[in-house]
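First comes the structure, then the notes that go with it.
Protein chains: 2
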Amino acid sequence: MERATLRDVARLAGVSVATASKALNGQPQVRASTRARVEQAASQLNFSPNTLARGLITQRTGTVGLLTSDLEGRFSIPILMGAEDAFGTDRTSVFLCDARGDTIRERHHLSALLSRRVDGLIVVGARPDSRPSLGRDLPVPVIYAYAPSDDPRDLSLVSDNEGGGRLAVDHLIRCGRRRIAHITGDASYGAAQDRARGAQQRLAEEGLEPAGGEVWFGMWSESWGRGATRMLLERCPDVDAVFAGSDEIARGVLDVLHEQRRDVPGDVALVGYDNWNILVANARPPLTTVDMNLEQLGRVAAQRLFAAIGGTLGSGIEKFPGKLITRESTAPLR
Amino acid sequence: MERATLRDVARLAGVSVATASKALNGQPQVRASTRARVEQAASQLNFSPNTLARGLITQRTGTVGLLTSDLEGRFSIPILMGAEDAFGTDRTSVFLCDARGDTIRERHHLSALLSRRVDGLIVVGARPDSRPSLGRDLPVPVIYAYAPSDDPRDLSLVSDNEGGGRLAVDHLIRCGRRRIAHITGDASYGAAQDRARGAQQRLAEEGLEPAGGEVWFGMWSESWGRGATRMLLERCPDVDAVFAGSDEIARGVLDVLHEQRRDVPGDVALVGYDNWNILVANARPPLTTVDMNLEQLGRVAAQRLFAAIGGTLGSGIEKFPGKLITRESTAPLR
DNA sequence: TGACACACCGAAAAGGTTTTCAGGAACGTA
DNA sequence: TACGTTCCTGAAAACCTTTTCGGTGTGTCA
Numbered sequence: 004m005e006r007a008t009l010r011d012v013a014r015l016a017g018v019s020v021a022t023a024s025k026a027l028n029g030q031p032q033v034r035a036s037t038r039a040r041v042e043q044a045a046s047q048l049n050f051s052p053n054t055l056a057r058g059l060i061t062q063r064t065g066t067v068g069l070l071t072s073d074l075e076g077r078f079s080i081p082i083l084m085g086a087e088d089a090f091g092t093d094r095t096s097v098f099l100c101d102a103r104g105d106t107i108r109e110r111h112h113l114s115a116l117l118s119r120r121v122d123g124l125i126v127v128g129a130r131p132d133s134r135p136s137l138g139r140d141l142p143v144p145v146i147y148a149y150a151p152s153d154d155p156r157d158l159s160l161v162s163d164n165e166g167g168g169r170l171a172v173d174h175l176i177r178c179g180r181r182r183i184a185h186i187t188g189d190a191s192y193g194a195a196q197d198r199a200r201g202a203q204q205r206l207a208e209e210g211l212e213p214a215g216g217e218v219w220f221g222m223w224s225e226s227w228g229r230g231a232t233r234m235l236l237e238r239c240p241d242v243d244a245v246f247a248g249s250d251e252i253a254r255g256v257l258d259v260l261h262e263q264r265r266d267v268p269g270d271v272a273l274v275g276y277d278n279w280n281i282l283v284a285n286a287r288p289p290l291t292t293v294d295m296n297l298e299q300l301g302r303v304a305a306q307r308l309f310a311a312i313g314g315t316l317g318s319g320i321e322k323f324p325g326k327l328i329t330r331e332s333t334a335p336l337r
Numbered sequence: 004m005e006r007a008t009l010r011d012v013a014r015l016a017g018v019s020v021a022t023a024s025k026a027l028n029g030q031p032q033v034r035a036s037t038r039a040r041v042e043q044a045a046s047q048l049n050f051s052p053n054t055l056a057r058g059l060i061t062q063r064t065g066t067v068g069l070l071t072s073d074l075e076g077r078f079s080i081p082i083l084m085g086a087e088d089a090f091g092t093d094r095t096s097v098f099l100c101d102a103r104g105d106t107i108r109e110r111h112h113l114s115a116l117l118s119r120r121v122d123g124l125i126v127v128g129a130r131p132d133s134r135p136s137l138g139r140d141l142p143v144p145v146i147y148a149y150a151p152s153d154d155p156r157d158l159s160l161v162s163d164n165e166g167g168g169r170l171a172v173d174h175l176i177r178c179g180r181r182r183i184a185h186i187t188g189d190a191s192y193g194a195a196q197d198r199a200r201g202a203q204q205r206l207a208e209e210g211l212e213p214a215g216g217e218v219w220f221g222m223w224s225e226s227w228g229r230g231a232t233r234m235l236l237e238r239c240p241d242v243d244a245v246f247a248g249s250d251e252i253a254r255g256v257l258d259v260l261h262e263q264r265r266d267v268p269g270d271v272a273l274v275g276y277d278n279w280n281i282l283v284a285n286a287r288p289p290l291t292t293v294d295m296n297l298e299q300l301g302r303v304a305a306q307r308l309f310a311a312i313g314g315t316l317g318s319g320i321e322k323f324p325g326k327l328i329t330r331e332s333t334a335p336l337r
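Chain order of the listed sequences is U and S. Position one of the first sequence corresponds to residue 4 (the working numbering), numbered consecutively onward. Position one of the second sequence corresponds to residue 4 (the working numbering), numbered consecutively onward.
Written out as structure tokens, the structure reads:
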């Protein structure tokens, strides 16, 4: 199919390109009947404006780049969706590029995006710790999401892990649990530390210690969840709740609880983290978990970016609260 | 940071824009010393060419659109990666748009991509059954991946589910298993039917029937895997292998096998489908599964698309074989 | 020395749109 | 009738790059 240009439309409608342009863009200085004629011609040729040419003039392309290093798309997809929602489909499109954790590939993608004249950039790191800034001398506004930039002059939007940990434990306490363990991932992750801190603070407010005496740091995997649970049950057989640092870990915990014939939530209540649907919804029973609200992060990132085009971006780290999603793995103690 | 244009570079290097352009694009008719001067000037200003202007001239943007309806990105991410690999990072970028299964949103994204003058389109459907064609009168080549188009004049690349089913059962037979059950998803999915057909054919070659007498169609969920396994063990307690139609189902099967104290793979061997890492690698034991080879699908899609720009695209449905990934959930019968 | 080939460089057009500004038509008013 | 307004339309410049083609300078050969 050949492509119609504005000239073709104008010719068919019997007007100049200038008028055609104004008619299609809703400019006021054009007679209603003329506008109708142009619109009719445009749809007849199914004209679609060349955004390259438009972008060349207006210095706006209506695209933003989403630069991620998150291999599985687990975190970037919700952020992408939030951003798309906020922009509105017809106004702005989002370019997703995956650097696969490789700095060279990241530079490549960055320059590809810049030469395509994106209006802004959202950078989604691989893990929720600070990552190297892309630098200050970029021609477009940049927002760091999920993983903050290591340069405090950049604007970063992250999820409030401390609050999330507090949320989880608070819920368990309200369910009447008192012997609450926390099994979580790699201690070198800031997220693990933050969630643990939040959890411990809330415990301390009740005068409680974590069951087993300490937080169980390890790995972000199901098998660590299993191993830690076995140790936990040995050291502390009367535990009545576990807060897992991720849904993966929670699945491992659940597996061993089943194995040892502990009823969930009857004997032990279980809370996960991430609200990763495939893991959480299919578990037996379905898992209560903390959702990081990444769509909201994406939406806000989009709004800030939009506001920054023309104006200026703030700086610092902005934290977003998570929300607790309750399912059947937690219930009040009878 | 202000953006340098080719004019700025040319001025700094003391040449005309024409020469600057030729120097930077590796055209032969420019003296080596001149080229060096221009390149020096370009990097000094860290010039990055405006692809909008370039695209306007060359009628190529170096972008392809990846239009998906696969909410979780489970299938589209590997395809995206394969495509990126094949294109080479610096030549071509991929625009990922998620229609979220909504036809209106799909039309929106389509027109957004077209007005951005993508050079081609890859369409990834939500489920591996045929989906409505985008139509024949598009100005760019389109390739359907994973889910074929319902118009045979389009080119579709899909995974060979029949072969995959055969692969799984063949492996189980080689492990010495004879009482092999197949628990799979929704019977309305072509993929479920195809995998079951392949499995049954391979069984028939050995003179076998599926354990339990029939294929267990149901849902693509862990809980169906659990339910079906309970029924299976009741009806056919001596089953020695299960081929699950997806990794999710396999996880359900595994759960109930544990519950009933059957050893995997000692008593019962288990094969999944999809090679979905999070499910498969963390299972206890890790699951043997069929990988659909989606990266390869993406790579080939990119190559075909590239070849089609200028030439013409083929048509019909092209099937790609999967590959068996063996892990610890299968082993020879002692 | 003159003619010619060759290597290199630059002027200008082209690509499709937006935007500014000047001009024309229609109309009302003196 | 003459003039001022208001409303609408169109010519042209601008955005930045690529590409064609004509031109200049240098070296070679007869």
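All C-beta atoms, glycine included, are put in the ideal place defined by N, C-alpha and C.
Please list, in chain order, the residues of the stretch 229 to 242 of chain U that have any C-beta partner in chain S closer than 8 Å. 229
For the alpha helix (DSSP H) that contains residue 26 of chain U, what are its first and last residues? 20 to 27
Around the C-beta of residue 46 of chain U, are 16 or more other C-beta atoms found within 10 angstroms, so that it is buried, or is it exposed? exposed
For residue 329 of chain U and residue 290 of chain U, I'd like the C-alpha separation in whole angstroms. 7 Å
Beta-carbon neighbours of residue 146 of chain U, restricted to chain S and to distances below 7 Å: Within chain S, no residue comes near residue 146 of chain U; the closest Cβ sits about 17 Å away, beyond 7 Å.
Pair within 8 Å by beta-carbon distance, residue 113 of chain S and residue 175 of chain S: no
Is residue 145 of chain S helix, strand or coil by DSSP? strand
With 8 Å as the threshold, decide whether the Cβ of residue 292 of chain U is near any Cβ in chain S. no
Close beta carbons around residue 159 of chain U, own chain, < 6 Å, minus the five adjacent residues each side: 147, 151, 152, 320
Taking buried to mean at least 16 other C-beta atoms within 10 Å of its own C-beta, is residue 248 of chain S buried or exposed? buried
Relative to the alpha-carbon of residue 244 of chain S, which residue among S:183, S:161, S:118 has its alpha-carbon at the smallest distance? S:183
Thinking residue 98 of chain S and residue 127 of chain S are a contact (beta carbons under 8 Å), I'd like their distance in whole angstroms, please. At roughly 13 Å, the Cβ-Cβ gap does not stay under 8 Å, so residue 98 of chain S and residue 127 of chain S are not in contact.
At least 3 beta-carbon pairs within less than 8 Å: the stretch 59 to 66 of chain S vs the stretch 33 to 42 of chain S: no
Counting beta carbon pairs with one atom in the stretch 285 to 299 of chain S and one in the stretch 74 to 92 of chain S, are three or more of them shorter than 8 Å? yes
What separation, rounded to the nearest whole angstrom, lies between the Cα atoms of residue 273 of chain S and residue 193 of chain S? 22 Å
What distance in whole Å lies between the Cβ atoms of residue 231 of chain U and residue 223 of chain U, which are believed to be in contact at a cut-off of 8 Å? Not a contact, Cβ separation roughly 12 Å.
Going by CA-CA distance only, name the one from S:304, S:44, S:136, S:283 that's closest to residue 333 of chain S. S:283
If contact means a Cβ-Cβ distance below 8 Å, which residues of the stretch 246 to 275 of chain U contact chain S? 251, 254, 255, 258, 261, 262
What does residue 53 of chain S reach in chain U if we use C-beta pairs closer than 8 Å? 59, 118, 120
Short of 7 Å in beta carbon distance, which residues of its chain neighbour residue 166 of chain U, apart from the five on each side in sequence? Order them along the chain. 201, 324, 325
For residue 43 of chain S, does the count of other Cβ atoms within 10 angstroms reach 16, so buried, or fall short, so exposed? exposed
How many angstroms separate the CA atom of residue 318 of chain U from the CA atom of residue 157 of chain U? 5 Å
Identify, in the order they occur along the chain, each residue of the same chain with its Cβ nearer than 6 Å to the Cβ of residue 227 of chain U, setting aside the five sequence neighbours on each side. 221
Please say whether residue 253 of chain U and residue 269 of chain U have beta carbons closer to each other than 8 Å? no
Pull up the CB-CB distance for residue 86 of chain U and residue 286 of chain U, whole angstroms please, since I reckon it's below 8 Å. Actually they do not touch by this definition, with Cβ atoms about 30 Å apart.
Just verifying my parser: in three-state terms, what is the DSSP assignment at residue 101 of chain S? strand
For residue 274 of chain S, list the residues DSSP reports as bridge partners. S:246, S:291
Cβ neighbour criterion (16 or more within 10 Å) applied to residue 338 of chain U: Residue numbering for chain U in the displayed model covers 4 to 337; residue 338 of chain U lies beyond these limits and cannot be assessed.
Are residue 262 of chain U and residue 261 of chain S touching if we call contact CB-CB under 8 Å? yes
Spatial neighbours of residue 164 of chain S within its chain, please: C-beta separation below 6 Å, excluding the five flanking residues on both sides. 194, 197, 198
Have a look at residue 53 of chain U and residue 8 of chain U and give me their C-alpha separation to the nearest angstrom. 8 Å
So what does residue 184 of chain U bridge to, in DSSP terms? U:245
Endpoints, beta strand (DSSP E) assigned at residue 237 of chain S: Here residue 237 of chain S belongs to no beta strand (DSSP E); instead the alpha helix (DSSP H) covers 225 to 238.
Using a Cβ-Cβ cut-off of 6 Å (strictly less than) and excluding sequence neighbours within five positions of residue 279 of chain U, which residues of its own chain qualify? 250
My parser needs the beta strand (DSSP E) runs of 3 or more residues fully inside the stretch 166 to 224 of chain S; what are they? 183 to 186
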